[in-house]
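Residue numbers (the UniProt record's numbering): 1 to 761.
Okay, structure coming up:
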């Protein structure tokens, strides 16, 4: 994609379908006049009077306790500099998005139009009663230091300038672990800090809090080494000025143990790395281009421990590991501030988490066989689901122990469970899906490439590294559409009807005829079918000319299924092909089967569908907890529609006792674990969070997933085909571009799994 195309895509993302990235939604009923009378006049007077008696009641009756202000004056926005408050708003909204998806905190961005420190402080103080916490963002140094210091002193709610402390907390955790791996002590190592801005100052202060010695620290700014004999040093720079008679980064790096880069790209050379001590620790955190490229650094020193701010290399120092969870813990105990003890507790929690066994879901998401604590894994990954269960409790405990918590937590197990429940409201599964596909991209046939949306999906799949698309359709139409959307990449385009495809067409026809000649197919008929894209594309996959295929955007499901069944067919030992949809819901992902194929499966077929669906859940790193659904509960009806589900449960209990599965059970009892525990404590599902729903027939499954999709706006991934010989997946009619990209990723992962199983034999 060209630079202009990327620019336009970013602008469209922020503008459509409605401007911005955050909106406000009601949390209370508002359907009736009674609801509105309680929400506003006259009912609203009662909480107002209670808060007037005691301001702390604002946490009880309003959203204050979960509301953080993200405040900037736009003077130091990313790498863009002083671009003003209005121009900073997209970044602040983005920060609000991260607060929400990682810690379920409501972030409200506020852009203040002043560079005057006193006016800025006064403005924040005046609006502070609205919020449970203040996140300062993108304010230039040295003003940022004074603004944060004053607000922390003069407000009674948590205040943190993330540009300073976020990087400090994450890099400190990484540093502690890197030192442990190399067997070095923080009070003995020589540390070089490249950069003297807000983040560099905060990092160095935190390192000192953990034991780093002033005499072992050298800090550099754009003028070189900050020495005590330099004139006109700011208070912050003077704090880190050295007595050593050195001037340059080359001098500073000699025999250094640690380099921390918070400056500009490519200031560190291989020669500088070679001059460092054994087992050097290098955190090159300039973004997007680090102080030295990762590949160059590890090529230069085999004994290096390297971290950057980038997601495409190991050891990413990413602020999102910290700020959402630090504020979560602070808000939950109504801390009056975020103090050093809380920040240090966050550091220790992050560092300790990296030493724990990594959940399979994280390994899958990042394409690792097994992440283990070591030189290439010194801090947790940003999408590790354990972060929210570990960091907020550590921060909350530190707030309580340091005397700044107004609402102490008593039941820590209950608190951790509540934190984990907050994880269910984002699209982690989609990120996992794409990351998994990128590990080993495959050739995927897009059988309807003459359609603009299909072509867009193919373009995104290629540019994101998810798949290498093969485009089927009229060559001239496809080329024209490619030009229209600036899809410049050279990809394979095949038209099953043109002369250039005749050799392939004849070969595929002969192969198809051999397999179907006793099913009423003639050679002439086979050649005719090979002019159709779904037959041609399926044969490409069957013959190994492609790894997978997606189709169905423009045609009804049954018409697309037929050629797939005829060409590809069922896998060995599979009696019934089925489908599963992954629904992204507020409670987390739900796996629903069978949503598209089997109208009225038998008990044995339901059991088989359940086992195949369990494999899908496991593939994505989730332990399947499966409910076999019915209108009845555990023998309450002897109608055949209920007894077949009961029989399916019996089959699974005997054949696969390791599976967490039970039924027949009604939907509400399946999804409400307290209700299930209370009424059916004998059930395998009692007290467990069900994430996999197996339906008794096609009607109920198809209606349910489409109802969820339309009424709850739940994203759907699927229908994923189960039980075919090859990786072929059929879209729903009129699928969106995003849905097609997700299905392409599914096709890639399916092909990866098949290849892995083949190699294992």
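The C-beta atom is built at its ideal place from N, Cα and C for all residues, glycine as well.
Sequence-distant residues of the same chain with beta carbon closer than 7 Å to residue i, five excluded per side
i: residue 324; result: 98, 99, 102, 103 and 105
i: residue 239; result: none
i: residue 705; result: 581, 583, 592, 595 and 716
i: residue 611; result: 656
i: residue 426; result: Residue placement at residue 426 is poorly supported in this model, since its pLDDT is 47, which falls under 50; the coordinates are not used for a value here.
i: residue 5; result: 486
i: residue 147; result: 117, 120, 121, 136 and 139
i: residue 714; result: 583, 584, 585 and 708
i: residue 608; result: 575 and 576
i: residue 30; result: 36 and 39
i: residue 489; result: 462
Rounded Cβ spacing between residue i and residue j (contact assumed at less than 8 Å)
i: residue 433; j: residue 388; result: In fact, because the Cβ distance is near 21 Å, the residues do not count as touching under 8 Å.
i: residue 646; j: residue 664; result: 5 Å
i: residue 597; j: residue 624; result: At roughly 20 Å, the Cβ-Cβ gap does not stay under 8 Å, so residue 597 and residue 624 are not in contact.
i: residue 157; j: residue 71; result: 12 Å between Cβ atoms; not a contact.
i: residue 226; j: residue 212; result: Residue 226 to residue 212, Cβ: 16 Å. No contact.
i: residue 316; j: residue 322; result: Wrong, their Cβ atoms sit about 13 Å apart, outside the cutoff.
i: residue 603; j: residue 571; result: With a Cβ gap of about 21 Å, residue 603 and residue 571 do not count as contacting.
i: residue 467; j: residue 744; result: 5 Å
i: residue 730; j: residue 557; result: 6 Å
i: residue 189; j: residue 179; result: 7 Å
i: residue 589; j: residue 691; result: 6 Å
i: residue 12; j: residue 457; result: Not really, about 16 Å apart at Cβ, beyond 8 Å.
i: residue 454; j: residue 553; result: 5 Å
Buried/exposed call for residue i, threshold 16 Cβ in 10 Å
i: residue 443; result: buried
i: residue 345; result: buried
i: residue 683; result: buried
i: residue 45; result: exposed
i: residue 3; result: exposed
i: residue 291; result: buried
i: residue 129; result: exposed
i: residue 431; result: exposed
i: residue 10; result: exposed
i: residue 25; result: exposed
i: residue 765; result: Outside the shown range of the chain, which is 1 to 761, sits residue 765, and nothing can be said about it.
i: residue 236; result: buried
i: residue 674; result: exposed
i: residue 203; result: buried
i: residue 61; result: exposed
Bridge-paired residues (DSSP) for residue i
i: residue 42; result: Bridge partners of residue 42: none, in fact.
i: residue 316; result: 308
i: residue 581; result: 592
i: residue 109; result: 70
i: residue 135; result: 70 and 160
i: residue 221; result: 224
i: residue 442; result: 467
i: residue 549; result: 445 and 728
i: residue 409; result: None, per the DSSP bridge assignment.
Residues of its chain near residue i, where Cβ-Cβ distance is below 8 Å and the 5 sequence neighbours each way are ignored
i: residue 19; result: none
i: residue 320; result: 98, 102 and 382
i: residue 228; result: 238, 241, 242 and 243
i: residue 754; result: 726 and 727
Same chain, Cβ closer than 6 Å to residue i, five either side skipped, listed in chain order
i: residue 159; result: 134, 151 and 152
i: residue 635; result: none
i: residue 440; result: 752
i: residue 414; result: none
i: residue 758; result: none
i: residue 530; result: 505, 508, 509 and 536
i: residue 332; result: 396
i: residue 69; result: 108, 110, 131 and 134
heavy atom of the ligand ATP below 7 Å from residue i C-beta
i: residue 659; result: Here there are no bound small molecules, and the ligand ATP is not part of this structure.
(message) Is it the case that the region 397-413 contacts the region 341-353, given that we only count it when at least three CB pairs across the two stretches are under 8 Å?
(response) yes
(request) Determine contact between the region 243-254 and the region 376-394, defined as no fewer than three beta-carbon pairs at a distance below 8 Å. (result) no
(request) Decide if the region 85-95 is in contact with the region 105-122; the criterion is three or more beta carbon pairs, one per stretch, under 8 Å apart. (result) yes
(message) Three or more C-beta pairs under 8 Å: does that hold for the region 473-489 against the region 507-514?
(response) no
(request) Specify whether the region 626-639 and the region 684-695 touch according to this definition: at least 3 beta carbon pairs, one from each stretch, less than 8 Å apart. (result) yes
(request) Would you check if the region 523-539 and the region 552-571 touch, i.e. whether three or more CB-CB distances between them fall below 8 Å? (result) yes
(message) Closer than 8 Å is the cut-off here; do at least three beta carbon pairs connect the region 283-297 with the region 259-266?
(response) yes
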